[in-house]
Amino acid sequence: MLGSNICNCFWVSIICAFYTQGHWTRISEPVGGKMSYKPPIYDINAPDLYIPFMAFGTYVVLCGFFLGLQGKFSPESLNWLFVKGLTGWFLQVALLKMILLSLGSGEVPLLDIVAYAGYTFTGLSIAVLGKILVRYAYYAVMPWTCLCMGIFLVRTMKRVLFTEVRSYDSSRHHYLLLFIALAQFPLFSWLGNITVNWLF
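Counting from 1, one number per residue, gives the positions in the sequence shown under this note's numbering.
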């Protein structure tokens, strides 16, 4: 339990302060004649779904708390926030999967991509908490967490591309990685806009 909590603290520090991480390479080991990656308990760079699920739940609860402070909370609004968050998570997964497929890297496990996309809610939870504590802090915290998530995804996807893709087209890869980073800004803005209407 203690080791798991320490591992989770490291993951949050990697996502929110990308400059603290020295290397982004996964630890591999031979299993049954082929290379396999070590599980998250042994490898800090391995994706897991614990933090994304906890961050998603925290995001929904904090958004509901924010609506409650404004006097707009209702159980239906919490339901819409849940649907909005799941839609954003799905869009992020679809974006990452399409980019990896377009670059010829279709071997990445879907649950790894779901985990990488779910880390978005870590930054969103921090930004929404800033909005609750000091209303205008949101406008400083949101771009920072969005930038951290963009850099985290670019570094992670670059590592995935270097290990999975056989042919490397430098300019195309760089443009698509830049697109992943830039796509975080509208996604964060949409998910960070807390209203009773899930669409906007």
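Ideal Cβ placement from N, Cα and C applies to all residues, glycine included.
Owing to the predicted nature of the structure, the values given are computational and were not obtained by experimental measurement.
Under a three-way DSSP split, which group does VAL196 fall into?
Coil at VAL196, not helix or strand.
Quick one: using the 10 Å Cβ neighbour count with 16 as the cut-off for buried, is SER125 buried or exposed?
With 16 or more Cβ atoms within 10 Å of its Cβ, SER125 is classed as buried.
Just confirm the distance between the C-beta atoms of LYS131 and ALA137, as a whole number of angstroms; I'd bet it's less than 8 Å.
With a Cβ gap of about 7 Å, LYS131 and ALA137 count as contacting.
Run through DSSP, which three-state label would PRO75 get?
Residue state, collapsed to three classes: helix.
Buried or exposed for ILE191, going by 16 or more other Cβ atoms inside 10 Å?
Checking the sequence, you will find Leu at residue 191 rather than Ile. The residue is buried, with at least 16 neighbouring Cβ atoms inside 10 Å.
What residue range does the beta strand (DSSP E) around PRO30 cover?
Residues 28 to 31.
State the Cα-Cα distance for the pair PRO75 and VAL83, rounded to the nearest angstrom.
The straight-line gap from Cα to Cα measures roughly 13 Å.
By DSSP, does TYR37 sit in helix, in strand, or in coil?
If DSSP states are grouped into helix, strand and coil, TYR37 belongs with the strands.
Just tell me which of TYR50, ILE27 and VAL196 has its CA closest to the CA of TYR116.
Ranking the options by Cα distance to TYR116, first place goes to TYR50.
Using the C-alpha atoms, what's the distance from GLY88 back to LEU64?
Sequence check: residue 64 is Gly here, not Leu. Whole-angstrom Cα-Cα distance: 17 Å.
Which term fits PRO40, buried or exposed, when burial requires 16 or more other beta carbons within 10 angstroms of its beta carbon?
Counting Cβ neighbours within 10 Å, PRO40 comes out buried, since at least 16 surround it.
Given this structure, state the Cα-to-Cα distance separating LEU81 from PRO186, to the nearest angstrom.
Taking the straight line from one Cα to the other gives about 17 Å.
When the distance is taken between beta carbons, is ILE99 closer than 8 Å to ILE180?
Cβ distance < 8 Å, so ILE180 and ILE99 count as in contact.
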